[in-house]
Amino acid sequence: MDKIIAFSDDANFSRHSGYSILSKYIQDSTCIHVERLGVGLTNRLANRLFRTKSVSSWYQVSSANLEWQVLQASKKKSNILIHLLWGERDFGYLDQLLNLDQHRLCVTFHACSDELNKIITQKDRLRKLHGIILMSESQRHFFEEQGVEPQNISVIYHGIDTEYFTPLQQRNKQSSTFNVLSVGNYRRKFPLLRTICLSLQEHSHIHFQILCSSQHHHLFGDLNNVTLLQRLSSEELRKTYQNASCQLLCMEDATANNALLEGLSCGVPLVAEDVGGIFEYTGDDCAYLATENNAQELIEMLLVLSKSMDRQIRMSNAARQKALTLSWDKVAQNTKNFYHKIAI
Numbered sequence: 000m001d002k003i004i005a006f007s008d009d010a011n012f013s014r015h016s017g018y019s020i021l022s023k024y025i026q027d028s029t030c031i032h033v034e035r036l037g038v039g040l041t042n043r044l045a046n047r048l049f050r051t052k053s054v055s056s057w058y059q060v061s062s063a064n065l066e067w068q069v070l071q072a073s074k075k076k077s078n079i080l081i082h083l084l085w086g087e088r089d090f091g092y093l094d095q096l097l098n099l100d101q102h103r104l105c106v107t108f109h110a111c112s113d114e115l116n117k118i119i120t121q122k123d124r125l126r127k128l129h130g131i132i133l134m135s136e137s138q139r140h141f142f143e144e145q146g147v148e149p150q151n152i153s154v155i156y157h158g159i160d161t162e163y164f165t166p167l168q169q170r171n172k173q174s175s176t177f178n179v180l181s182v183g184n185y186r187r188k189f190p191l192l193r194t195i196c197l198s199l200q201e202h203s204h205i206h207f208q209i210l211c212s213s214q215h216h217h218l219f220g221d222l223n224n225v226t227l228l229q230r231l232s233s234e235e236l237r238k239t240y241q242n243a244s245c246q247l248l249c250m251e252d253a254t255a256n257n258a259l260l261e262g263l264s265c266g267v268p269l270v271a272e273d274v275g276g277i278f279e280y281t282g283d284d285c286a287y288l289a290t291e292n293n294a295q296e297l298i299e300m301l302l303v304l305s306k307s308m309d310r311q312i313r314m315s316n317a318a319r320q321k322a323l324t325l326s327w328d329k330v331a332q333n334t335k336n337f338y339h340k341i342a343i
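Anchor point for the sequence shown: position 288 equals 287 in numbering that gives the first Met the number 0, and the numbering is continuous, going up by one each time.
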């Protein structure tokens, strides 16, 4: 069966992270890719018009361009499997435009279940899909609640470039500083992160590096145990992970998370809240997971880890081993197995 892999993404998207990398590992497929457009007045008006009947409320002009190209490519042959890599961005009208007796339509969804309820406005049309790929079991209930047949749903975990994001060959075991790294902006709990940093100021061996957009910097400017980072190159980001003692993620919810995966692949132990799909991507050996919104528990976990180099090494090795199970070649094979299951 011929395959079309279709997605839109931003121009500055990293070549080493993100779900679109999957397309490089699906051999014998046609890749259709468009760049997401800016938000000028004309585009905003067009976006509003397209969204009146699109499945996703995030649909844009670039999404329509993508679906149009897929539609034209699908007319050249019958019996094609079409995979939209980002349902939240790009699923608008293909279920209505394609001949679904001739072709198979598969869509991946990334958003958390509480967001999906707002993003997916034409929920009944989800039942027309031949295949739905999820990033976490935490999303499954939403789709089953819409009447999607369970056999049409598969959780296939997000991959990571384990050849690029690698641990240092020789980590500095003599360093007296315990470097806590926090990466990201989306759905992060910055007030909780500030509380943790503030509470640990008296512990001079613990230092925080926070990589986030400048709009959040004011929360940490008065803390002498925090270094603020922004706009790192891919190489600088990798080096920052490699030199971290652990990663701290304070998140409202999560399915897959690039920062989590990049850190694991670099052998960075994780301290986080047990929300969404975080446990699915970590398990017990490479992460300490606290109950939601429990700052004291997170603080205690950081202190315990900071005082035991042996524990850091064990968790670092476990993090790398977990990441290797999520290498893109393995994720691609799982995806192709699902294609085979839903094929005509």
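Glycine is no exception: its CB is placed at the ideal position from the N, C-alpha and C atoms.
Supposed close pair residue i, residue j - CB separation, criterion 8 Å
| i | j | result |
| --- | --- | --- |
| residue 17 | residue 55 | Incorrect: roughly 18 Å between the Cβ atoms, too far for contact. |
| residue 99 | residue 108 | Not really, about 18 Å apart at Cβ, beyond 8 Å. |
| residue 261 | residue 159 | 7 Å |
| residue 240 | residue 164 | 7 Å |
| residue 291 | residue 274 | 6 Å |
| residue 259 | residue 280 | 6 Å |
| residue 210 | residue 228 | 4 Å |
| residue 142 | residue 152 | 6 Å |
Euclidean distance between Cα positions of residue i and residue j
| i | j | result |
| --- | --- | --- |
| residue 60 | residue 104 | 21 Å |
| residue 253 | residue 145 | 21 Å |
| residue 89 | residue 300 | 40 Å |
| residue 137 | residue 255 | 10 Å |
| residue 243 | residue 180 | 6 Å |
| residue 184 | residue 310 | 29 Å |
| residue 43 | residue 213 | 26 Å |
| residue 339 | residue 15 | 27 Å |
| residue 318 | residue 298 | 20 Å |
| residue 276 | residue 111 | 9 Å |
| residue 248 | residue 182 | 7 Å |
| residue 149 | residue 123 | 15 Å |
| residue 269 | residue 32 | 33 Å |
| residue 302 | residue 192 | 15 Å |
| residue 162 | residue 333 | 19 Å |
| residue 293 | residue 199 | 15 Å |
| residue 278 | residue 285 | 10 Å |
| residue 226 | residue 328 | 36 Å |
| residue 307 | residue 178 | 13 Å |
| residue 83 | residue 174 | 46 Å |
| residue 73 | residue 342 | 15 Å |
| residue 235 | residue 70 | 40 Å |
| residue 68 | residue 75 | 12 Å |
| residue 194 | residue 203 | 16 Å |
Nearest residue (CA-CA) to residue i, options the options
| i | options | result |
| --- | --- | --- |
| residue 330 | 89, 2 and 133 | 133 |
| residue 201 | 148, 209, 238 and 224 | 224 |
| residue 80 | 113, 130 and 302 | 130 |
| residue 176 | 208, 150, 166 and 19 | 208 |
| residue 50 | 21, 118 and 311 | 118 |
| residue 65 | 6, 48 and 27 | 6 |
| residue 3 | 9, 14 and 21 | 21 |
| residue 358 | 135, 106, 110 and 251 | Nothing in the structure corresponds to residue 358, since the chain is present only between 0 and 343. |
| residue 320 | 340, 189 and 264 | 264 |
| residue 315 | 291, 246, 326 and 277 | 246 |
| residue 94 | 125, 78, 198 and 75 | 125 |
| residue 166 | 267, 139 and 96 | 267 |
| residue 78 | 211, 102, 283 and 305 | 102 |
| residue 335 | 26, 8, 19 and 35 | 26 |
| residue 91 | 62, 237 and 74 | 62 |
| residue 304 | 235, 23 and 205 | 205 |
| residue 29 | 322, 0, 278 and 284 | 0 |
| residue 324 | 337, 70 and 282 | 282 |
| residue 289 | 8, 271 and 306 | 271 |
| residue 36 | 68, 8 and 19 | 8 |
| residue 189 | 178, 218, 197 and 174 | 218 |
| residue 220 | 169, 74, 196 and 97 | 196 |
| residue 215 | 76, 45, 187 and 308 | 187 |
| residue 53 | 168, 322, 96 and 76 | 96 |
| residue 322 | 45, 72 and 257 | 257 |
| residue 349 | 46, 312 and 251 | The requested residue 349 is not part of the displayed model; the chain covers only 0 to 343. |
Residue(s) in a DSSP beta bridge with residue i
| i | result |
| --- | --- |
| residue 187 | 250 |
| residue 287 | 270 |
| residue 32 | 6 |
| residue 326 | 159 |
| residue 218 | DSSP lists no partner for residue 218. |
| residue 226 | 208 |
| residue 80 | 2 and 103 |
| residue 55 | 119 |
| residue 245 | 179 |
Residue i: CB within 7 Å of a non-hydrogen atom of the ligand MN
| i | result |
| --- | --- |
| residue 184 | Because no ligand of any kind appears in the structure shown, any question about the ligand MN cannot be addressed here. |
Entirely enclosed alpha helix (DSSP H) segments - the segment 83-118, minimum 4 residues: 86-89, 93-96 and 112-118
Could you tell me which uninterrupted beta strand (DSSP E) segments, each at least 3 residues in length, are contained entirely in the segment 126-209, listed from first to last along the chain? 130-133, 152-154 and 177-182
Can you list the beta strand (DSSP E) stretches of 3 or more residues lying completely in the segment 291-324, in chain order? none
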